[in-house]
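Participant: So that we are looking at the same thing, I have put the structure below in structure tokens.
2 protein chains.
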Amino acid sequence: MQRIAYTFTNSTVQYYLDTDFIHLEKLADREHAVIITDEHIQRRHQRKLKDWAKIVIPPGEGSKVQSVVDTIIARLLFLGADRDTLLIGVGGGVVTDITGYVASVYMRGLKFGFVPTTLLAMVDAAIGGKNGVDVGPYKNMVGTIRQPAFLLYDYKFLKTLPAAEWINGFAEIIKHAAIADPKLFRELEGQRPAIYRKDSKKLSLLVRRNVLIKSGIVKKDEFEKSDRKLLNFGHSLGHAIENLYGLSHGQAISIGMAYAAIISEEITGFKETERLHRLLASYGLPLKITVQTDKIMAVLRMDKKRQKEQIRYILLDKIGKARVIPIPMERLERILEAVLDKG
Amino acid sequence: MQRIAYTFTNSTVQYYLDTDFIHLEKLADREHAVIITDEHIQRRHQRKLKDWAKIVIPPGEGSKVQSVVDTIIARLLFLGADRDTLLIGVGGGVVTDITGYVASVYMRGLKFGFVPTTLLAMVDAAIGGKNGVDVGPYKNMVGTIRQPAFLLYDYKFLKTLPAAEWINGFAEIIKHAAIADPKLFRELEGQRPAIYRKDSKKLSLLVRRNVLIKSGIVKKDEFEKSDRKLLNFGHSLGHAIENLYGLSHGQAISIGMAYAAIISEEITGFKETERLHRLLASYGLPLKITVQTDKIMAVLRMDKKRQKEQIRYILLDKIGKARVIPIPMERLERILEAVLDKG
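Protein chains in written order, with our numbering: chain X, 327 to 669; chain D, 327 to 669.
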């Protein structure tokens, strides 16, 4: 086991890397803890979870809504959860996002921790304290920023991870490389996702590296006044198409990054679109989708990164270096109209 | 106008006392602000509010629920509210509680300010950053602690305040006196509520004094680890009966304080029950209600001040001095069984 601690604005997060789920017993008093998980995890890991009080939600992005929050709160009341209860989210990004949100508002705030079980949650979603739910097609429209007390990494959960979920995780890993780590980008260009699946040493190093990239960025700018925005690379368009077209998060932001590269060419003079597209494709990620520009613009107008009549778009100068550039909504619409695949 | 500033853990709150609603134009850019208010205020003060974007909710405690939060969020999306939008709660405690809560979670947090329009909101509910909604019979079960940017006090709103609402405000004023200010308690004993209604100078001094009492306590202990708990005097039993029996907040906590005094006699040797009861009654506040102990215990078991098998009850040593005393749930049940009026 490796232990890392990051101190953010109001609290310290303990990361327990390369450990076993059983270690949770040292972090939580079972009498005063409730696990929130989804039906997939509950079915696949029944034995691990059997001695814990649990709230099990349906799997998938469809659960990241207020009505599921309402149900969890009713269950917590039924279980007699009080201010000393620890909530533990065991699952992918949907579970950790909703657990963090419930913990932020139930009785005005409980302690919480995460056991991310997908690659995407391990390298991205469970880190940084952003939580919340979707409102209709608008992703993460409601939520808070509040850090978990701990993150526990047990890579054995990845053994039961479906292949599509594995690919999803690489979308965020490639994002980290593209905005902040050109060496990681080159390393990824030399590998295939299957390698990391087979070689647990390589996987452990890859996860750790991504944990450090994201945590470092968040530590410098927890409330997203400056550099944390760069983590939204691929996410403006990505979020707009994710719920509209029923894509997975990884697919959606892969397409978002692919188009952000093309937009970067026009605005920053970025010259490595081909290289980014090739890497995404080689990890099984999509580069485009047939869409209707007006539908997308309607969702983009509600993007949290919009400020009055501009949207703060994340663009690349080169691989490993990103920038926030405000683009007037009208100009963005003209560009998207020209580049999007309208079938 | 008098201006006071209090700096809490993460932010500073500006209080504009004894001013006019028109001053709001100096605090908020109308193009990027949305007022949240209720139907009563909207009807009575149409002219004042006419040039502002508004979301109007039904009046009363029944609106302090998640479904109304959902509706407000949908309206904010429709109005195109973004992270630069300022939310302004204009109303009593229900409006300020729900406005603060929406502002804490919409797009992970907007700036907000309050214009309290009831005596109770002016001296208590709008101060201190606690916000949230009820869940069934459980008061404020969900919420956050987050401070408004400003509070604007225009006493002219009190001219249209119904008499019952006026009396409600005095329940919290008497609470402040009972736990922290024996001089104020004596002053109140020498007056009648009608005096403050007629004499605007006296009213202004009374509101200011209560603003200072509450803000001072919150400033020392924003996240309620110690002395802020004292502000819950009368609120454990009060909250349990408020929604169960459809009482106003003032009535409920008056009864809560009346019984807390009797419980104090048994536990701290408090000797001024008669004096507290007399003052409450002279301001038109009730001292008891016919109840079913088992129903009340069921709600008390979910009180946010419960910690495992104990409830942290606020009791008086003497007028002006309160203390938090943990009482085992079983002992509390025996005491309540003996003292409550079961008809």
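Heads up, the beta-carbon is just placed ideally off N, CA and C, and yes, glycines get one too. Model, not experiment: these values are computed from the prediction.
Does the structure place the stretch 612-622 of chain D close enough to the stretch 577-590 of chain D that three or more beta carbon pairs sit under 8 Å?
Facilitator: yes
Participant: With contact counted as at least three CB pairs below 8 Å, one residue from each stretch, are the stretch 629-640 of chain X and the stretch 560-569 of chain X in contact?
Facilitator: yes
Participant: Measuring alpha carbon to alpha carbon, tell me which of D:G415, D:T345 and D:G454 ends up nearest G542 of chain D.
Facilitator: D:G454
Participant: Anything in chain D within Cβ reach of Y639 of chain X, meaning under 9 Å, just list it in chain order.
Facilitator: Contacts between Y639 of chain X and chain D, judged by CB atoms closer than 9 Å, are missing: the closest CB pair is about 15 Å apart.
Participant: Of all the options D:D355, D:L658, D:G646 and D:I361, which has the alpha carbon lying nearest to the alpha carbon of P508 of chain D?
Facilitator: Measuring from the Cα of P508 of chain D, the nearest candidate turns out to be D:G646.
Participant: If you reduce the DSSP assignment to three classes, tell me which class G564 of chain X lands in.
Facilitator: G564 of chain X: helix per DSSP, three-state reduction.
Participant: Can you give the Cα-Cα distance for H371 of chain D and V416 of chain D, rounded to whole angstroms?
Facilitator: 10 Å
Participant: When we look at the beta-carbon of E656 of chain D and count the other beta-carbons within 10 Å, is it buried (16 or more) or exposed?
Facilitator: The residue is exposed, with fewer than 16 neighbouring Cβ atoms inside 10 Å.
Participant: Quick one: what does DSSP say F438 of chain D is sitting in, helix, strand or coil?
Facilitator: strand
Participant: By a C-beta neighbour count over all protein chains shown, 10 Å radius and 16 as the cutoff for buried, is Q328 of chain X buried or exposed?
Facilitator: exposed
Participant: Give a single yes or no on whether Y481 of chain D has its beta carbon closer than 6 Å to a heavy atom of the ligand GDP.
Facilitator: By its list of ligands, the structure shown contains no ligand whatsoever, and the ligand GDP lies outside what it can speak to.
Participant: Ignore the nearest five residues each way along the sequence and tell me which others in K380 of chain D's own chain have a CB closer than 8 Å to its CB.
Facilitator: V360, I361, I362, T363 and Q368
Participant: Measure the alpha-carbon distance for L606 of chain X versus G576 of chain X and round it to whole angstroms.
Facilitator: One C-alpha to the other measures close to 10 Å.
Participant: In whole angstroms, give me the CA-to-CA distance for G406 of chain D and R401 of chain X.
Facilitator: 34 Å
Participant: So V468 of chain D and I399 of chain X are in contact, right, with Cβ under 8 Å, and what is the actual spacing, rounded?
Facilitator: 6 Å
Participant: Hey, how far is the Cα of L514 of chain D from the Cα of F438 of chain D?
Facilitator: 33 Å
Participant: Would you say G564 of chain X reaches chain D, if we count a Cβ-Cβ gap shorter than 7 Å as a contact?
Facilitator: no
Participant: Just to confirm before moving on: does the CB-CB distance between I505 of chain D and F559 of chain D stay below 7 Å?
Facilitator: yes
Participant: Using only the alpha-carbon positions, how far apart do A429 of chain X and N466 of chain X sit?
Facilitator: 16 Å
Participant: How about I397 of chain X and G418 of chain X: are their beta carbons less than 7 Å apart?
Facilitator: Before going further, note that residue 397 of chain X is Thr rather than Ile in the sequence given. The answer is no: Cβ separation not under 7 Å.
Participant: So, is the C-beta of D547 of chain X closer than 7 Å to a C-beta in chain D?
Facilitator: no
Participant: How is N494 of chain D classed by DSSP in three states: helix, strand or coil?
Facilitator: helix
Participant: Hey, V441 of chain X and Q392 of chain X: beta-carbon distance below 7 Å or not?
Facilitator: no
Participant: Can you confirm whether I471 of chain X, when its beta carbon is compared against all beta carbons of chain D, has any partner nearer than 7 Å?
Facilitator: yes
Participant: So I640 of chain D is in the beta strand (DSSP E); what residue range does that whole segment cover?
Facilitator: Q636 to K644
Participant: Identify the contact partners of V382 of chain D in chain X, using a Cβ-Cβ distance below 8 Å as the criterion.
Facilitator: Simply none; closest approach about 20 Å.
Participant: Spell out a yes or no on whether the stretch 469-483 of chain X and the stretch 327-345 of chain X are touching, meaning 3 or more CB-CB pairs, one atom from each, closer than 8 Å.
Facilitator: yes
Participant: With R329 of chain D as the anchor, note down where its beta strand (DSSP E) starts and where it stops.
Facilitator: That run of the beta strand (DSSP E) goes Q328 to T333.
Participant: Does DSSP classify D364 of chain X as helix, strand or coil?
Facilitator: strand
Participant: With H, G and I counted as helix, E and B as strand and the rest as coil, what does DSSP make of G415 of chain X?
Facilitator: strand
Participant: Which residues, taken in chain order from the stretch 616-631 of chain X, show a beta carbon closer than 8 Å to some beta carbon of chain D?
Facilitator: R627, M628 and K630
Participant: For a contact meaning CB atoms closer than 9 Å, what does D355 of chain D contact in chain X?
Facilitator: The contacting residues do not exist; D355 of chain D stays about 11 Å from chain X at best.
Participant: Going along chain D, which residues have a C-beta under 8 Å from D553 of chain X?
Facilitator: Going along chain D, no residue has its Cβ under 8 Å from D553 of chain X, so there is no contact; the nearest lies around 17 Å.
Participant: Using only alpha-carbon positions, find the residue among X:Y609, X:L641, X:Q636 and X:L573 that is nearest to G388 of chain X.
Facilitator: X:L573
Participant: For V431 of chain D, would you say it is in contact with chain X, using Cβ-to-Cβ distances shorter than 7 Å as the test?
Facilitator: yes
Participant: Quick check: what's the CA-CA separation for K546 of chain D versus L538 of chain D?
Facilitator: 12 Å
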